[in-house]
Amino acid sequence: MKAKLKREYEFDSDDEHATEPMTYEEKRQLSMDINMLTAQKLSTVVDIIEAREKITDFDPEEIEIDFELLKPVTLRELEAYVKMVQQQANKVPNPLRTLL
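Here the sequence shown is numbered in UniProt numbering, starting from 1 and rising by one per residue.
Below, the structure is given as structure tokens:
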């Protein structure tokens, strides 16, 4: 039995937007954004996918995400998570900026 994913980001799977299919460009951007995440943040990406998708033959050491096979709600939740991570990164003060 899977543990319920503890979210530190806002996502409502009942929202109309949550089931809206992503465009090719949105998927491409999401892929690029995910590739910029740290290993720790990538583990949450894996948790989201595992919670929403039926995955067989899963190797956590080597992960390749086929965005074409993921459900729209999974993609939208990944999008919400990545946006939260990016917003947190933008809030971190630059120590050099405070010295100037």
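Glycine included, every Cβ here is placed at the ideal spot set by N, Cα and C.
Cβ neighbours of K71 within its own chain (closer than 8 Å, five residues either side excluded): R52, E53.
Across the structure, E26 and I34 are spaced so that their CA atoms are roughly 12 Å apart. For L69 and I55, the gap between their C-alpha atoms comes out near 11 Å. In the three-state scheme derived from DSSP, where H, G and I count as helix and E and B as strand, I34 is classed as helix. I48 sits buried, since 16 or more C-beta atoms from the chains shown fall within 10 Å of its C-beta. The beta-carbon distance between V85 and L37, rounded to whole angstroms, is 7 Å. This is short enough to meet the 8 Å contact definition. Measuring C-alpha to C-alpha distances from S31 to each of I63, K91, Q88 identifies I63 as the nearest. In this chain, the alpha helix (DSSP H) harbouring R76 covers 72 to 91.
Take the alpha-carbon of Q88 and the one of T44: they are about 15 Å apart.
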